[in-house]
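Everything on this sheet refers to the single structure shown next.
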Amino acid sequence: MENEETLFVDLAFSQRSKKGENICGDAFKYQKRREDGQLVAVLSDGLGSGVKANILASMTATMALKFETESEAQILHTAEIMMDALPICQVRKISYATFTIVHVGLNGIGRIIEMGNPEFILFHNGVPVEVVPREMASPKWQNRAIKIYDLKMSASDRLIFFSDGISQAGMGTAALPLGWHVKGCAEFVKQLLSRRPDISSHELSEEILREALRKEPGYMAGDDMTCGVAYFRHPKKMLLFTGPPFDRKKDAYCAETIATFDGDIVICGGTTAEIISRELKRELTMDLSHFDTEIPPMSKMDGIELVTEGIFTLTKTAQYLENFDGISRENPAGRLTDILLKNDIIEILVGTRINEAHQDPNLPLDLELRRNIVKRIAAVLEKVFLKEVDIKYV
Numbered sequence: 130m131e132n133e134e135t136l137f138v139d140l141a142f143s144q145r146s147k148k149g150e151n152i153c154g155d156a157f158k159y160q161k162r163r164e165d166g167q168l169v170a171v172l173s174d175g176l177g178s179g180v181k182a183n184i185l186a187s188m189t190a191t192m193a194l195k196f197e198t199e200s201e202a203q204i205l206h207t208a209e210i211m212m213d214a215l216p217i218c219q220v221r222k223i224s225y226a227t228f229t230i231v232h233v234g235l236n237g238i239g240r241i242i243e244m245g246n247p248e249f250i251l252f253h254n255g256v257p258v259e260v261v262p263r264e265m266a267s268p269k270w271q272n273r274a275i276k277i278y279d280l281k282m283s284a285s286d287r288l289i290f291f292s293d294g295i296s297q298a299g300m301g302t303a304a305l306p307l308g309w310h311v312k313g314c315a316e317f318v319k320q321l322l323s324r325r326p327d328i329s330s331h332e333l334s335e336e337i338l339r340e341a342l343r344k345e346p347g348y349m350a351g352d353d354m355t356c357g358v359a360y361f362r363h364p365k366k367m368l369l370f371t372g373p374p375f376d377r378k379k380d381a382y383c384a385e386t387i388a389t390f391d392g393d394i395v396i397c398g399g400t401t402a403e404i405i406s407r408e409l410k411r412e413l414t415m416d417l418s419h420f421d422t423e424i425p426p427m428s429k430m431d432g433i434e435l436v437t438e439g440i441f442t443l444t445k446t447a448q449y450l451e452n453f454d455g456i457s458r459e460n461p462a463g464r465l466t467d468i469l470l471k472n473d474i475i476e477i478l479v480g481t482r483i484n485e486a487h488q489d490p491n492l493p494l495d496l497e498l499r500r501n502i503v504k505r506i507a508a509v510l511e512k513v514f515l516k517e518v519d520i521k522y523v
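Counting in our numbering, the sequence shown runs from 130 upward without gaps.
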């Protein structure tokens, strides 16, 4: 039987608190299981706003991450446990949090479970398609319908899911007396994808959030807003080479690895770049087009996406990733951050020769610095951005 294609999921979300609140009453949590690559993402909307709503939404999302979705009996049982654990509003007589659970594997086979949130939107070939759910309810909670959707995602498909702060944006205004609605959001995304078919999940979630805010008076959210986006695609690969190999006989091996690699290639380190330039007989020239006082300038080499200095650039890149704000920067570390995030499988080749230029006794060893920084970068890429990272030492 032919192997099923493996898909990478580019997952991101954007949030805005209700005007006057410092904390968002929605919660978005996700995790990727190392053993089988299964991805679970949960968006929960706590009743009301502020701290109490955030605590209850976070509580719901945390429980939902462990949601068993193999059978309807499991779904019903777990949902009952969650609903029993949440208090009921004495005035509205409803539970304090709603949720959307997205559960999908590397083969694109997945399941979505909704309770109380707006319907998600599935985009296939750039247009929204209808997915018919099964509905079920617990005998204990007849007024809380659970919708179950079984899906088979394909490359370039997207899932958009959000709290009602998005779908109800602009409610009560002359232009949108009943709010933006799911259909309004779907039409906006359809037009955006026609112009930018390769837009990332982070960029798309930000665009949806901004458009929802445009519907609101004074550009201020009338309710907590959260939008999650999952973009399914064939994995993109890159190679990052930093530091000269311990054994100079390995210089040729590293150069051959770069010459035959199919994907984006980045070299971090002056000595490292000189080795590749010498071995592959490619000219190495300095690039001063994006000068930055904090980070040494970039260089250029044919066939290489980016050539930078080593330790300082990697350290700044780690800081950008750990404090990610979605802003694209033109300095070397900003460029490296962008390249890392647009790829899905990241191979890092770390040379273990000590750089003589950093042998100052007042400075930590360059080798230990490089190893630690690479580990920091790999950790945040795997945990926060769900990338696959493989580190090899030479």
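All C-beta atoms, glycine included, are put in the ideal place defined by N, C-alpha and C.
If you follow the alpha helix (DSSP H) that T400 is in, where does it begin and where does it stop?
Counting from one through the sequence shown, the residue named residue 400 turns up at place 271. Start and end: 399-409.
G179 versus S296: straight-line alpha-carbon distance, rounded
Here residue 179 corresponds to residue number 50 of the sequence shown, with the count starting at 1. Here residue 296 corresponds to residue number 167 of the sequence shown, with the count starting at 1. If you draw a straight line from the Cα of G179 to the Cα of S296, it comes to about 19 Å.
Using 8 Å for Cβ pairs, my map puts D174 next to A226. What's the rounded Cβ distance?
Taking the first residue of the sequence shown as 1, we reach residue 174 at position 45. Taking the first residue of the sequence shown as 1, we reach residue 226 at position 97. Confirmed, about 6 Å.
When G301, I241, F137 are compared against P346, the one with the closest alpha-carbon:
Position 217 of the sequence shown, counted from the first residue, corresponds to residue 346. The candidate whose alpha carbon is nearest that of P346 is G301.
Sequence-distant residues of the same chain with beta carbon closer than 6 Å to A266, five excluded per side
Sequence index remark: in the sequence shown, residue 266 carries index 137 (1-based). A274, listed in sequence order.
Leaving out five residues before and five after Q144 in sequence, what residues of the same chain have Cβ atoms less than 6 Å from its Cβ?
In the sequence shown, the residue the question calls residue 144 occupies position 15. Within the same chain, Q144 has close Cβ partners C153, T355.
Exposed or buried, what is T437 when buried is set at 16 or more other beta-carbons lying within 10 Å of its beta-carbon?
Within the sequence shown, residue 437 is the residue found at index 308, counting from 1. T437 comes out buried.
Buried or exposed for L190, going by 16 or more other Cβ atoms inside 10 Å?
The residue you call residue 190 lines up with position 61 of the sequence shown. Here the sequence assigns Ala to residue 190, which means Leu is not the residue at that position. Counting C-beta atoms within 10 angstroms of its own C-beta, A190 has 16 or more neighbours from the protein chains shown and is therefore classed as buried.
By how many angstroms is the C-alpha of P257 removed from the C-alpha of N491?
As a position in the sequence shown, residue 491 is number 362, starting the count at 1. As a position in the sequence shown, residue 257 is number 128, starting the count at 1. Residue placement at N491 is flagged as unreliable, the pLDDT there being 46, under the threshold of 50; the coordinate-derived value follows with that caveat. Computed Cα separation, rounded: 60 Å.
For the putative contact between I250 and I242, defined by C-beta atoms under 8 Å, what is the C-beta separation to the nearest angstrom?
Taking the sequence shown and counting its residues from 1, the one referred to as residue 250 is at position 121. Taking the sequence shown and counting its residues from 1, the one referred to as residue 242 is at position 113. Actually they are not in contact, since the Cβ atoms of I250 and I242 sit about 16 Å apart, beyond 8 Å.
DSSP-derived helix/strand/coil call for I386
The sequence position of residue 386 within the sequence shown is 257, counting from 1. In the sequence as displayed, the identity of residue 386 is Thr instead of Ile. In the structure shown, T386 sits in a helix (DSSP, three-state: H, G or I).
Nearest candidate by alpha-carbon position, reference P364, set K471, D165, D454, A186
Residue numbering aside, residue 364 sits at position 235 when the sequence shown is read from its first letter. Checking every option, the nearest Cα to that of P364 belongs to K471.
For I169 versus F142, is the C-beta distance shorter than 9 Å?
Your numbering for residue 169 matches position 40 in the sequence shown. Your numbering for residue 142 matches position 13 in the sequence shown. Ile is not the amino acid found at residue 169; the sequence shown has Val there. Contact: no.
Could you give the distance in angstroms between the alpha-carbon of E335 and the alpha-carbon of D454?
Counting from 1 along the sequence shown, the entry for residue 335 is found at position 206. Counting from 1 along the sequence shown, the entry for residue 454 is found at position 325. Distance from the CA atom of E335 to the CA atom of D454, rounded to whole angstroms, is 11 Å.
For N246 and N460, I'd like the C-alpha separation in whole angstroms.
The sequence position of residue 246 within the sequence shown is 117, counting from 1. The sequence position of residue 460 within the sequence shown is 331, counting from 1. Rounded to the nearest whole angstrom, the C-alpha separation of N246 and N460 is 41 Å.
Specify whether the stretch 503-520 and the stretch 441-453 touch according to this definition: at least 3 beta carbon pairs, one from each stretch, less than 8 Å apart.
Counting C-beta pairs with one atom in each stretch, the stretch 503-520 and the stretch 441-453 have three or more that are closer than 8 Å, which means they touch.
Would you tell me roughly how many angstroms separate the C-alpha atoms of A462 and G255, rounded to the nearest one?
Position 333 of the sequence shown holds residue 462. Position 126 of the sequence shown holds residue 255. Distance from the CA of A462 to the CA of G255, rounded to the nearest whole angstrom, comes to 33 Å.
Applying the criterion that 16 or more other CB atoms from any shown protein chain within 10 Å of the CB defines a buried residue, is T422 buried or exposed?
Position 293 of the sequence shown, counting from 1, holds the residue named residue 422. Under the 10 Å beta carbon count, T422 is surrounded by fewer than 16 other beta carbons and is classified as exposed.
Give me the Cα-Cα distance between L305 and Q320, rounded to the nearest whole angstrom.
Residue numbering aside, residue 305 sits at position 176 when the sequence shown is read from its first letter. Residue numbering aside, residue 320 sits at position 191 when the sequence shown is read from its first letter. Straight through space, the alpha carbons of Q320 and L305 are spaced by roughly 19 Å.
Between the C-alpha atoms of E134 and A303, what's the straight-line distance to the nearest angstrom?
The sequence position of residue 134 within the sequence shown is 5, counting from 1. The sequence position of residue 303 within the sequence shown is 174, counting from 1. Between E134 and A303, the C-alpha separation is close to 48 Å.
Around the Cβ of H232, are there at least 16 other Cβ atoms within 10 angstroms (buried) or fewer (exposed)?
By 1-based counting over the sequence shown, the position of residue 232 is 103. Buried, by the Cβ-count rule.
Alpha carbon to alpha carbon, how far is I184 from L215?
Counting from one through the sequence shown, the residue named residue 184 turns up at place 55. Counting from one through the sequence shown, the residue named residue 215 turns up at place 86. Distance between the alpha carbons of I184 and L215 is about 11 Å.
Reducing DSSP to helix, strand and coil, say where N183 ends up.
Mapped onto the sequence shown, residue 183 falls at position 54. DSSP places N183 in helix when its eight states are reduced to three.
What are the boundary residues of the alpha helix (DSSP H) that M212 is part of?
On the sequence shown, residue 212 is found 83 positions in, with the first residue counted as 1. Residue range 201-214 is occupied by the alpha helix (DSSP H) that includes M212.
Between the C-alpha atoms of D393 and E434, what's the straight-line distance to the nearest angstrom?
Position 264 of the sequence shown, counting from 1, holds the residue named residue 393. Position 305 of the sequence shown, counting from 1, holds the residue named residue 434. Each residue's Cα considered, the two are about 6 Å apart.
What's the gap between the Cα of T442 and the Cα of G294?
Walking along the sequence shown from the start, residue 442 turns up at place 313. Walking along the sequence shown from the start, residue 294 turns up at place 165. Looking at the two C-alpha atoms, the distance is approximately 39 Å.
Which same chain residues end up closer than 8 Å to P493 when comparing Cβ atoms and leaving out the 5 residues on each side of it in sequence?
Looking up residue 493 in the sequence shown gives position 364. Reliability of the predicted coordinates at P493 is poor, the pLDDT of 46 falling under 50, and no value is obtained from them.
Helix, strand or coil for G245? Go by DSSP, reduced to three states.
Locating residue 245 in the sequence shown gives position 116, where the first residue counts as 1. In the structure shown, G245 sits in a strand (DSSP, three-state: E or B).
Between D353 and K147, how many whole angstroms is the CB-CB distance? I'm expecting something under 8 Å.
Position 224 of the sequence shown, counted from the start, is the residue given in the question as residue 353. Position 18 of the sequence shown, counted from the start, is the residue given in the question as residue 147. Contact flag correct, Cβ pair sits at about 5 Å.
Between F370, I210, M188, which lies nearest to L469 when the distance is taken from Cα to Cα?
Counting from 1 along the sequence shown, the entry for residue 469 is found at position 340. Of F370, I210, M188, the smallest CA-CA separation from L469 is found for F370.
Might you give, ordered along the chain, the residues of its own chain that have their beta carbon closer than 7 Å to the beta carbon of G89, omitting 5 neighbours on each side?
Outside the shown range of the chain (130 to 523) lies residue 89, about which nothing can therefore be said.
L136 and A284 look like a contact to me (Cβ under 8 Å); what is the Cβ gap, rounded to whole Å?
For the purposes of this step, residue 136 is taken as residue 7 along the sequence shown, with counting starting at 1. For the purposes of this step, residue 284 is taken as residue 155 along the sequence shown, with counting starting at 1. With a Cβ gap of about 6 Å, L136 and A284 count as contacting.
Let me know the beta strand (DSSP E) ranges lying completely inside the stretch 312-365, each 3 residues or longer, listed in chain order.
Whole beta strand (DSSP E) segments, 3+ residues: 354-362.
Taking the beta carbon of E259 as the centre, do at least 16 other beta carbons fall within 10 Å, making it buried, or is it exposed?
Translated into the one-based positions of the sequence shown, residue 259 becomes position 130. Classification for E259: exposed.
Which residue's Cα is closest to the Cα of L417: Q448, E385, K429?
Looking up residue 417 in the sequence shown gives position 288. The shortest C-alpha separation from L417 is found at K429.
Alpha carbon of D286 to alpha carbon of Q160, nearest angstrom
Taking the sequence shown and counting its residues from 1, the one referred to as residue 286 is at position 157. Taking the sequence shown and counting its residues from 1, the one referred to as residue 160 is at position 31. When only Cα atoms are considered, D286 and Q160 end up about 20 Å apart.
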